[in-house]
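Enquirer: One structure follows; several queries about it will come next.
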Amino acid sequence: MNRLISFAAAPLLAIAVFSASANADPIKDRQAIMKDQGKTVGSITPIIKGEKPFDAAAVIAALKHLNEDAQKIDPATLFPAGSDKGGETTASPKIWEDNAGFTAALAKYKKDAAEVAAAEPKDLESFKVAFNQVTENCAACHKAFRIKKE
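Numbering (the working numbering), first residue to last: 38 to 187.
This is the structure in C-alpha coordinates:
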(Lines of atoms letter the chains of each structure in order from A; the text may use other names.)
(Lines give C-alpha, C1' and ligand atoms only; values in the text may rest on other atoms or scores of the structure.)
Protein backbone atom coordinates (compact mmCIF):
# COMPACT_ATOMS: atom_id res chain seq x y z
CA MET A 38 0.00 0.00 0.00
CA ASN A 39 2.80 2.42 0.92
CA ARG A 40 4.52 1.63 -2.37
CA LEU A 41 1.36 2.38 -4.30
CA ILE A 42 0.99 5.74 -2.55
CA SER A 43 4.66 6.55 -3.24
CA PHE A 44 4.31 5.77 -6.94
CA ALA A 45 1.10 7.77 -7.17
CA ALA A 46 2.61 10.75 -5.36
CA ALA A 47 5.87 10.84 -7.35
CA PRO A 48 4.44 12.57 -10.46
CA LEU A 49 2.71 15.16 -8.29
CA LEU A 50 5.95 15.88 -6.44
CA ALA A 51 7.83 16.23 -9.73
CA ILE A 52 5.22 18.69 -11.01
CA ALA A 53 5.41 20.72 -7.78
CA VAL A 54 9.22 20.88 -7.91
CA PHE A 55 9.20 21.83 -11.60
CA SER A 56 6.55 24.50 -11.02
CA ALA A 57 8.46 26.02 -8.14
CA SER A 58 11.68 26.24 -10.15
CA ALA A 59 9.85 27.49 -13.24
CA ASN A 60 8.36 30.34 -11.20
CA ALA A 61 11.66 31.33 -9.61
CA ASP A 62 12.49 34.97 -10.17
CA PRO A 63 16.19 35.60 -9.56
CA ILE A 64 15.71 39.38 -9.48
CA LYS A 65 13.04 39.22 -6.78
CA ASP A 66 14.92 36.51 -4.89
CA ARG A 67 18.20 38.44 -4.75
CA GLN A 68 16.41 41.68 -3.93
CA ALA A 69 14.64 39.98 -1.02
CA ILE A 70 17.96 38.80 0.40
CA MET A 71 19.59 42.20 -0.08
CA LYS A 72 16.63 44.01 1.52
CA ASP A 73 16.75 41.64 4.47
CA GLN A 74 20.47 42.30 4.86
CA GLY A 75 19.87 46.05 4.70
CA LYS A 76 17.21 45.76 7.38
CA THR A 77 19.55 43.74 9.59
CA VAL A 78 22.44 46.20 9.14
CA GLY A 79 20.02 49.04 9.86
CA SER A 80 18.99 47.40 13.11
CA ILE A 81 22.54 47.48 14.50
CA THR A 82 23.89 50.67 12.90
CA PRO A 83 22.55 52.84 15.75
CA ILE A 84 24.81 50.87 18.11
CA ILE A 85 27.87 51.72 16.00
CA LYS A 86 26.80 55.37 15.92
CA GLY A 87 26.41 55.47 19.69
CA GLU A 88 22.67 56.12 19.40
CA LYS A 89 21.83 52.88 21.21
CA PRO A 90 23.74 51.03 23.92
CA PHE A 91 25.74 47.94 23.01
CA ASP A 92 23.58 44.84 23.31
CA ALA A 93 25.67 41.69 22.77
CA ALA A 94 22.67 39.43 22.24
CA ALA A 95 21.15 41.72 19.58
CA VAL A 96 24.51 42.20 17.85
CA ILE A 97 25.31 38.49 17.78
CA ALA A 98 21.82 37.62 16.51
CA ALA A 99 22.11 40.25 13.76
CA LEU A 100 25.57 39.07 12.68
CA LYS A 101 24.40 35.47 12.59
CA HIS A 102 21.38 36.53 10.50
CA LEU A 103 23.65 38.45 8.10
CA ASN A 104 25.77 35.34 7.74
CA GLU A 105 22.72 33.17 7.04
CA ASP A 106 21.65 35.58 4.30
CA ALA A 107 25.19 35.83 2.93
CA GLN A 108 25.43 32.07 2.56
CA LYS A 109 22.21 32.08 0.50
CA ILE A 110 23.78 34.28 -2.19
CA ASP A 111 24.60 31.90 -5.00
CA PRO A 112 25.78 33.80 -8.09
CA ALA A 113 24.62 31.09 -10.51
CA THR A 114 21.10 31.00 -9.07
CA LEU A 115 20.54 34.63 -8.14
CA PHE A 116 22.53 36.27 -10.96
CA PRO A 117 22.07 34.01 -13.99
CA ALA A 118 22.99 35.40 -17.41
CA GLY A 119 20.25 37.69 -18.67
CA SER A 120 18.82 38.52 -15.25
CA ASP A 121 20.00 42.08 -15.65
CA LYS A 122 17.16 42.54 -18.11
CA GLY A 123 13.44 42.04 -17.93
CA GLY A 124 12.89 43.47 -14.49
CA GLU A 125 13.54 46.39 -12.24
CA THR A 126 17.10 45.87 -11.02
CA THR A 127 20.16 47.85 -10.04
CA ALA A 128 22.49 44.95 -10.82
CA SER A 129 25.28 46.31 -13.00
CA PRO A 130 26.22 44.60 -16.28
CA LYS A 131 29.70 44.38 -14.73
CA ILE A 132 28.42 41.36 -12.78
CA TRP A 133 28.33 39.36 -16.01
CA GLU A 134 31.24 41.14 -17.72
CA ASP A 135 33.55 40.40 -14.76
CA ASN A 136 31.83 37.36 -13.33
CA ALA A 137 35.08 36.04 -11.83
CA GLY A 138 35.56 39.33 -9.94
CA PHE A 139 31.95 39.34 -8.79
CA THR A 140 32.14 35.73 -7.65
CA ALA A 141 35.40 36.47 -5.79
CA ALA A 142 33.80 39.48 -4.06
CA LEU A 143 30.86 37.33 -2.96
CA ALA A 144 33.19 34.60 -1.72
CA LYS A 145 35.10 37.15 0.38
CA TYR A 146 31.85 38.52 1.80
CA LYS A 147 30.60 35.04 2.67
CA LYS A 148 33.89 34.16 4.35
CA ASP A 149 34.01 37.41 6.34
CA ALA A 150 30.34 37.13 7.34
CA ALA A 151 30.92 33.60 8.63
CA GLU A 152 34.02 34.64 10.58
CA VAL A 153 32.30 37.64 12.13
CA ALA A 154 29.24 35.61 13.12
CA ALA A 155 31.44 32.96 14.70
CA ALA A 156 33.47 35.58 16.61
CA GLU A 157 30.39 36.70 18.56
CA PRO A 158 31.63 40.17 19.63
CA LYS A 159 31.21 40.73 23.36
CA ASP A 160 31.92 44.46 23.49
CA LEU A 161 31.51 47.59 21.41
CA GLU A 162 35.11 47.71 20.19
CA SER A 163 35.14 44.15 18.87
CA PHE A 164 31.72 44.75 17.36
CA LYS A 165 33.00 47.81 15.49
CA VAL A 166 35.83 45.75 13.98
CA ALA A 167 33.42 42.98 12.99
CA PHE A 168 30.81 45.36 11.61
CA ASN A 169 33.38 47.23 9.53
CA GLN A 170 34.79 43.98 8.17
CA VAL A 171 31.38 42.95 6.86
CA THR A 172 30.11 46.33 5.67
CA GLU A 173 33.32 47.11 3.78
CA ASN A 174 32.46 44.10 1.62
CA CYS A 175 28.99 45.51 0.99
CA ALA A 176 30.33 48.92 0.02
CA ALA A 177 33.00 47.52 -2.30
CA CYS A 178 30.57 45.22 -4.07
CA HIS A 179 27.93 47.92 -4.44
CA LYS A 180 30.51 50.33 -5.83
CA ALA A 181 31.77 47.85 -8.41
CA PHE A 182 28.66 45.82 -9.25
CA ARG A 183 25.59 47.95 -8.63
CA ILE A 184 24.03 50.77 -10.62
CA LYS A 185 23.46 53.82 -8.43
CA LYS A 186 19.84 54.79 -7.99
CA GLU A 187 19.03 58.28 -9.24
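Even for Gly, the Cβ is constructed at its ideal location relative to N, Cα and C. Please read all numbers here as calculations on a predicted model, not as lab measurements.
State yes or no: is the C-beta of VAL171 within less than 8 Å of the C-beta of ALA141?
Expert: Their beta carbons are not under 8 Å apart, which means VAL171 does not touch ALA141 by this criterion.
Enquirer: Cβ atoms of ASP106 and ASP73: under 8 Å apart, would you say?
Expert: yes
Enquirer: Rounded to a whole number of angstroms, what is the C-alpha to C-alpha distance between GLY123 and GLN68?
Expert: 14 Å
Enquirer: Alpha carbons only, please: which of ILE81, LYS89, GLY79 and LEU100 is nearest the one belonging to VAL206?
Expert: Beyond the ends of the chain as shown, which are 38 and 187, falls residue 206; an answer cannot be given.
Enquirer: Could you check if ALA176 is buried or exposed, using at least 16 other CB atoms within 10 Å of its CB as the buried criterion?
Expert: exposed
Enquirer: Determine contact between the segment 85-96 and the segment 130-145, defined as no fewer than three beta-carbon pairs at a distance below 8 Å.
Expert: no
Enquirer: Count the other CB atoms, across all protein chains shown, that sit within 10 Å of the CB of PRO63; report buried if there are 16 or more and exposed otherwise.
Expert: buried
Enquirer: Which residue's Cα is closest to the Cα of MET71: ILE81, GLU157, GLY87 and ALA128?
Expert: ALA128
Enquirer: For PRO130 and PHE182, I'd like the C-alpha separation in whole angstroms.
Expert: 8 Å
Enquirer: Tell me the rounded alpha-carbon separation between ILE184 and LYS109.
Expert: 22 Å
Enquirer: Label PRO158 either buried or exposed according to how many other C-beta atoms from any shown protein chain fall within 10 Å of its C-beta, with 16 as the threshold for buried.
Expert: Counting other Cβ atoms within 10 Å of its Cβ, PRO158 reaches 16 or more and is therefore classed as buried.
Enquirer: Assign ASN169 to one of two classes, buried (16 or more other C-beta atoms within 10 Å of its C-beta) or exposed (fewer than that).
Expert: exposed
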